[in-house]
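In this note's numbering, the protein residues as written are 11 to 360.
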Amino acid sequence: MADIDNFNPNDVGVKGTLFGLPFDTDSAKVVVIPVPWDVTVSYGAGTADGPEAILEASSQIDFSQLDIPEPWKLGVAMADIPEVWYSLGSELREKSEEYIAWLEEGSDEDEREEMEAILAEINKETHQLMEYVRQQSEYWLSQGKTTILVGGDHSTPLGHFQACAKHYGKFGLLQIDAHADLRDAYEGFEFSHASIMTNALKIKELTKLVQVGIRDFCDEEQQLIANSNGRVVTFFDQQLKHDQYAGKTWATQCEEIIKELPQQVYISFDIDGLDPKLCPNTGTPVPGGFDLEQVMYLIKRVVKSGRTIIGCDLNEVSPSEDEWDANVGARALYRMINLMAASKGMLQLN
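This is how it looks when you write it as structure tokens:
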């Protein structure tokens, strides 16, 4: 059992557990599932180190929140970081870089057979990772835990989507992101980080995808949004900012976003949805984006609307020589967990 009654939230943060809190996965109400994987990223690697970096930085957080009394008492723990997947991902990342370079250099026919073999291997192993994530997520949900996944790149939460769909039923997905992620098997990778939302839309329980902050997309993705019959609703970063320049408030825009969501909501937060000054080492940074508190205000308004947040993920945090990206990621994670718990009546939100 967690020794929370003797825990002093004013003490120096002690490393070793998530946020330095005295919980393990048995005593915690919320379990964080780490997935150290960035095999299909098409620009900068490093997000496989995100879970470890966030865990390391998390002990620096002060616990109090202005609108949630004693949130540290909730009970949060991170499951073990799976070394086997980290090691395999590191091996496959080298192969994927070779394959991507081959594509970018014109796809030399003399090397096609070798490159197609690499692609087949990566697709096979990534499918196995998705199954692992689904099984892990289903296990913790079956234990009565609330779950949140930490990547890794944005391909990693697919199995978590599937498990939440099975456990909770119909839901809407709120995506905070710089990218639409609606490519069809981008670069040939069936489970590419750029294809996560295309794969998510194959889940029958997913009734609505609401995208916020999108500012990097291709014509194929724009057409998919337009032809989705309202199943995909996108609030582009450019339009949000232009409306703000004309006088519309973020509070009003949040109301418009939330109106598109059903009662049960899953939140998928790619850290590159933020202004890159907050995440300069993320895999595919794009100018523009949000301040962290803007995103948290939106999530808070989702909770205040009476909707239930059934699950979350945080992805694309890539550490650097200092702890800046991981520091931001750890704070985003802490706040998301608390707001998700408040939506389920596990914490009080004032």
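Even for Gly, the Cβ is constructed at its ideal location relative to N, Cα and C. All values reported here derive from a predicted model rather than from experimental measurement.
Can you round the beta-carbon distance between residue i and residue j to whole angstroms, since I take them to be within the 8 Å contact cut?
i, j, result
"Tyr276", "Gly321", "5 Å"
"Pro290", "Pro297", "Actually they do not touch by this definition, with Cβ atoms about 12 Å apart."
"Ala190", "Thr244", "7 Å"
"Lys180", "Thr217", "5 Å"
"Asp361", "Gln263", "Residue 361 is absent from the structure shown; the chain starts at 11 and stops at 360."
Return yes when the Cβ of residue j is within less than 8 Å of the Cβ of residue i, no when it is not.
i, j, result
"Leu284", "Phe300", "yes"
"Ala87", "Thr50", "no"
"Leu151", "Ala173", "yes"
"Ala188", "Asp229", "no"
"His170", "Ile206", "no"
"Leu349", "Ile319", "yes"
"Gln70", "Asn239", "no"
"Leu183", "Leu159", "no"
"Glu333", "Ala67", "yes"
"Thr57", "Glu266", "no"
"Ala351", "Leu113", "no"
"Val313", "Ser353", "yes"
"Ser328", "Thr292", "yes"
Comparing alpha-carbon positions, which option in the options lies nearest residue i?
i, options, result
"Ser315", "Ile213, Cys289, Gln273, Met346", "Gln273"
"Ala130", "Thr262, Ala195, Tyr149", "Ala195"
"Asn133", "Ser97, Glu197, Asp15", "Glu197"
"Ala204", "Ile128, Thr294, Lys218, Gly30", "Thr294"
"Asn360", "Arg103, Pro81, Ala256", "Pro81"
"Pro167", "Gln145, Gln153, Lys180, Gly30", "Gln145"
"Lys176", "Ser202, Tyr149, Val305, Gln233", "Tyr149"
"Thr259", "Asp282, Pro32, Leu234, Leu308", "Leu308"
"Glu141", "Trp95, Lys83, Leu28, Met306", "Trp95"
"Ile64", "Ile281, Ile235, Val305, Gly355", "Ile281"
"Asp15", "Asp118, Gly99, Leu31, Ala261", "Leu31"
What is the rounded straight-line gap between the Cα of residue i and the Cα of residue j?
i, j, result
"Arg341", "Ile78", "15 Å"
"Asp13", "Ser74", "18 Å"
"Ile268", "Arg122", "47 Å"
"Arg344", "Val40", "Checking the sequence, you will find Tyr at residue 344 rather than Arg. When rounded, the distance between both Cα atoms is 11 Å."
"Ser278", "Arg311", "16 Å"
"Ala38", "Lys155", "8 Å"
"Glu62", "Gly161", "10 Å"
"Gln185", "Val222", "6 Å"
"Leu8", "Ile110", "Residue 8 lies beyond the residue range present for the chain, which begins at 11 and ends at 360; the question has no answer from this structure."
"Ile128", "Gly116", "17 Å"
"Ala256", "Ala55", "38 Å"
"Arg317", "Tyr178", "13 Å"
"Gly60", "Ser52", "17 Å"
"Glu215", "Gln232", "23 Å"
"Leu250", "Asn237", "21 Å"
"Ile19", "Asp72", "The residue asked about is misnamed: residue 19 is Pro in this sequence, not Ile. Cα to Cα, the separation comes out at about 8 Å."
"Gly26", "Ser147", "23 Å"
"Val42", "Ile235", "31 Å"
"Thr157", "Asp120", "47 Å"
"Gly23", "Gly355", "27 Å"
"Met11", "Arg241", "Interpretation of Met11 is limited by its pLDDT of 44, a score under 50 that renders its predicted location unreliable; the figure taken from the coordinates is listed afterwards. So the alpha carbons of these two residues sit roughly 44 Å apart."
"Gly99", "Asp21", "37 Å"
"Phe17", "Met346", "22 Å"
"Leu192", "Arg103", "22 Å"
"Ala261", "Glu270", "15 Å"
"Asp118", "Phe201", "24 Å"
"Met125", "Gln153", "42 Å"
"Thr208", "Ser106", "21 Å"
"Leu76", "Val143", "34 Å"
"Lys212", "Phe33", "36 Å"
"Phe29", "Ile224", "30 Å"
"Phe199", "Asp335", "27 Å"
"Glu101", "Glu108", "12 Å"
| Are the region 36-52 and the region 83-98 touching, with three or more C-beta to C-beta distances below 8 Å? | yes
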